[in-house]
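The next block holds one structure in the form of structure tokens; read it before the comments.
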Amino acid sequence: MKKRPYIISGPCSAETKDQLLKTAKQLVKHNSIDCLRAGIWKPRTRPNSFEGVGETGLQWLKETGDAVNLPVTTEVANTRHVELALKNNIDILWIGARTVANPFSVQEIANALKGIDIPVMVKNPVNPDLQLWVGAIERIFQAGINNIKAIHRGFSSFEKSAYRNTPKWEIPIELMRIFPEIPIICDPSHIGGNRSMIKVIAQKALDLEMDGLMIESHVSPDEAWSDSKQQITPKKLQQILSKLVVREPKVNNKTLKNKLDVLRKKIDGLDEEIINLLSNRMNTVEEIGDHKKDNEITILQADRWKKIINDRKKMAREAGVSEDFIQRILKVIHEESINIQTNILNRKKKEKKT
Ligand code: PEP
Ligand code: MN
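Letter by letter, the sequence shown follows residues 37 to 390 in the numbering used here.
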């Protein structure tokens with residue numbers, strides 16, 4: 037039987053009681069969702085951004101949940117947040133990506149949760165470190181919490197990418213292998229960082245047999261106080277959800293899942309990363325081309341090329357990959373780089389003549 041994905045939606049942040057209630061009412065009018073989300077304390081990367089309404093928002097969230105008959109969830113990042121969330125009868129807690137990256141904070145939350153029966157969702161850490169994610173889940177599990185879900189929200193990186201947080205699908209796939217019994221919810225809003233990307237990412241998550249989706253929604257997304265680009269109206273959520281295809285998994289029992297299938301999905305994710313990295317490399321090659329042109333430097337500098345080959349062969353040796361294989365790949369990449377730079381020089385020459 038096809039399993040319907042578990043759907044969590046609601047605003048990035050609770051802003052006012054009215055915004056929360058209007059969003060929730062529209063969500064239940066247009067959709068069948070399982071849980072209402074809203075951030076009360078917002079971990080912002082830079083100072084002077086909206087950092088959440090704080091404690092008063094907890095009451096709005098719970099009252100809104102009661103009004104639309106939905107369980108509610110919010111992010112907790114320290115002991116005080118946990119205590120206040122429990123005092124206000126928040127139904128489900130989630131631990132955010134920045135907090136999961138810090139084992140001290142996760143342990144503090146786990147200690148505050150000892151002996152309490154509440155579901156907890158653990159987002160992946162901001163950095164692509166599977167062990168940190170596993171460790172956070174283990175800490176919460178050791179606190180006696182049995183109802184745990186993992187949330188895949190992508191990983192930040194310095195390189196420019198189409199994603200706000202690159203999905204690195206092979207990491208949640210590996211998590212599924214380690215904890216086959218823990219459901220994984222995908223958060224396409226924070227992976228894409230843009231509302232236009234939500235559907236494609238959500239579909240991919242379902243095709244990887246993830247168990248649910250957390251999608252940010254807002255009555256007027258463009259006016260949202262945080263993450264406005266990635267939020268959608270409840271009506272738009274309905275359009276997206278109705279277009280998603282829930283495919284039948286080949287093997288129903290996750291633990292019996294065909295190993296080949298899991299490995300192939302891992303390969304798909306790795307190939308996507310290789311292509312993104314190559315695209316990034318070629319963009320940098322173009323920048324170098326411009327610089328060389330402006331400063332009249334030759335395209336090919338033999339000593340630099342020799343150094344590249346030697347360095348990369350050493351890296352290959354250390355990484356346990358065949359040196360000859362890496363040398364052949366580098367040759368092809370280098371040829372493409374030279375073509376790109378030659379085109380830049382020629383294009384500019386022509387431009388100058390006219
Ligand atoms: C959020 O869900 O609004 C949030 C802050 O997420 P993350 O921890 O994934 O950045
Ligand atoms: Mn957000």
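Idealized CB from N, CA, C, for every residue including glycine.
Being a predicted model, the structure only gives us computed values, none of them experimental.
Ranked by Cα distance from I128, the options S141, L106, N147, I154 are led by I154. Taking non-hydrogen atoms of ligand 1 into account, the C-beta of M233 is found less than 8 Å away from none of them.
Exclusion of the five residues before and after Q62 leaves P270 as the residues of its chain whose Cβ lies within less than 6 Å of its Cβ.
A distance below 8 Å between beta-carbons, with the five flanking residues on each side excluded, links I221 to the following residues of its chain, in chain order: Y42, I44, M157, K185, A186, I187, H188, M246, D247, G248, L249, M250. In the same chain as P203, and ignoring 5 residues on each side of it, the C-beta atoms closer than 6 Å to its own belong to G190, I227, in chain order. Unbroken alpha helix (DSSP H) stretches of 4 residues or longer found wholly inside the segment 277-360: 295-331, 338-355, given in chain order.
Residues of the same chain with a CB within less than 6 Å of the CB of N67, apart from the 5 flanking positions on each side, are L273, Q274 in chain order. Near ligand 1, meaning a Cβ closer than 5 Å to any of its heavy atoms, lie the following residues in chain order: C48, G75, G132, A133, K159, R189, H226.
Between the C-alpha atoms of G93 and A74 there is a straight-line separation of about 9 Å. In the DSSP assignment, the residues bridged to G75 are S49. As the crow flies, the alpha-carbon of R175 is around 9 Å from that of P139.
For L122, the CB contacts under 8 Å within the same chain, skipping 5 residues up- and downstream, are I152, I154 in chain order.
For S262, the shortest C-beta to heavy atom distance toward ligand 2 is below 8 Å. Proximity to D102 across L280, N124, N319 peaks at N124, based on C-alpha coordinates. In this structure, I76 keeps its C-beta atom at 9 Å or more from the C-beta atom of L106.
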